[in-house]
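Take any residue in the sequence shown, count from 1 to its spot, add 222: that is its number in this note's numbering. Idealized CB from N, CA, C, for every residue including glycine. As the structure is a prediction and not an experimental result, all values here were calculated from the model.
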Amino acid sequence: MAVAVGAAVVLAVAAGCADAASQTSAPSPSASMVEKDLHTWLHEGARKVGQDTYSTRLTMTRRDVEGASVSTRVEMTVDPARRRSDMAIHFPIQQPGHFQWIEIKTVDEESWVRFFGFGAPPEGWLPVDLPRLLGAGSSIFIGMQATDDLQELVKTSVELRLVTERAVRGVLDLRRHPHLTAELRAELPATNTMVPFDATLDAQGRLTNLTLHFDQVETGAGGWRFLYHSFGRRQPIEPPPAKDVLDPDDLDPQLLAELRDVGWL
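Structure, rendered in structure tokens:
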């Protein structure tokens with residue numbers, strides 16, 4: 223965490239202590255310098271997330287066509303050193319007693335997926351080629367690449383200000399995101415690319431909460447909330463038992479056809 227000498231409150235966040243005498247004699251830092259330090263602090267917090275095993279939950283909430291609030295939830299545990307992850311994606315279903323989710327397990331370069339509530343009972347794990355299916359996006363499932371997207375996202379932060387000792391508020395200027403193509407950047411109105419956010423870091427300087435407020439940009443757009451926790455806690459992420467791994471041709475024909483239609487198989 224690099225912070226400017228003389229910014230008392232930022233020093234308190236970065237080091238947990240301060241020299242009162244030196245602060246009173248130091249000149250007040252400029253607003254731009256404080257924001258630069260907060261930007262570094264925030265980006266370092268995102269980088270630290272992937273330094274050890276961790277778990278995360280992403281909740282994406284929005285309004286549907288009828289105005290009801292619906293959420294998609296993604297939960298994942300990642301072991302960067304062993305290049306393993308276990309993910310579950312829960313989709314919103316409004317019918318009582320109905321559910322849908324996908325579980326994806328990755329060990330080294332191999333991945334398996336199983337489906338729940340898609341018109342058939344879970345029949346086991348299916349091998350899936352994530353790099354072919356997701357391209358560069360598959361890196362989220364393997365090792366140290368798991369937090370690359372998070373770091374790129376917080377790099378777009380502007381207008382930062384400290385709210386409490388470990389919480390910062392600002393705006394994500396998505397026009398600065400490296401994966402936003404020139405064509406798409408030209409099409410997006412400036413107001414739709416400036417997304418307010420809140421972030422919190424723990425005492426070790428790791429990002430634990432990142433909340434994006436899309437509804438402050440567009441009514442009904444909802445928000446995204448990333449929570450990071452259980453740092454360093456070892457989780458049993460192992461390949462599925464061989465007896466539970468299926469051949470695609472063993473699937474229910476309708477489910478097999480649907481999976482091929484959307485590119486999973």
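Beta carbon of residue i nearer than 7 Å to that of residue j
| i | j | result |
| --- | --- | --- |
| residue 522 | residue 372 | No answer is possible for residue 522: it lies beyond the span of the chain, which begins at 223 and ends at 487. |
| residue 438 | residue 299 | no |
| residue 282 | residue 446 | yes |
| residue 495 | residue 381 | Nothing about residue 495 can be reported from this structure: the residues present for the chain run from 223 to 487 only. |
| residue 296 | residue 311 | yes |
| residue 323 | residue 334 | no |
| residue 563 | residue 378 | Because the chain spans 223 through 487 in this model, residue 563 falls outside it and cannot be assessed. |
| residue 271 | residue 428 | yes |
| residue 442 | residue 285 | yes |
| residue 433 | residue 420 | yes |
First through last residue of the beta strand (DSSP E) which encompasses residue i
| i | result |
| --- | --- |
| residue 292 | 291-301 |
| residue 329 | 322-329 |
| residue 280 | 276-285 |
| residue 421 | 416-423 |
| residue 392 | 389-395 |
| residue 432 | 429-434 |
| residue 381 | 379-386 |
| residue 313 | 306-313 |
| residue 451 | 445-451 |
| residue 334 | 332-338 |
| residue 473 | Looking at the DSSP string, residue 473 is not in any beta strand (DSSP E), and its letter there is neither H nor E. |
| residue 350 | 348-350 |
Spatially closest choice to residue i from the options, by CA coordinates
| i | options | result |
| --- | --- | --- |
| residue 466 | 349, 283 and 264 | 349 |
| residue 301 | 274, 481 and 314 | 274 |
| residue 435 | 448, 426 and 424 | 448 |
| residue 332 | 474, 462 and 313 | 462 |
| residue 329 | 305, 338, 474 and 385 | 305 |
| residue 415 | 440, 421, 284 and 479 | 440 |
| residue 400 | 376, 383 and 390 | 376 |
| residue 217 | 470, 314, 443 and 386 | With the chain covering 223 to 487 only, the question about residue 217 has no answer from this structure. |
| residue 326 | 469, 443 and 459 | 459 |
| residue 430 | 470, 444 and 389 | 389 |
| residue 263 | 422, 339 and 418 | 422 |
| residue 444 | 469, 464, 418 and 426 | 418 |
Residue span of the alpha helix (DSSP H) that contains residue i, given as start and end
| i | result |
| --- | --- |
| residue 370 | 370-376 |
Task: Any 3 or more C-beta pairs closer than 8 Å across the segment 261-278 and the segment 448-468 - done: Short answer: they touch.
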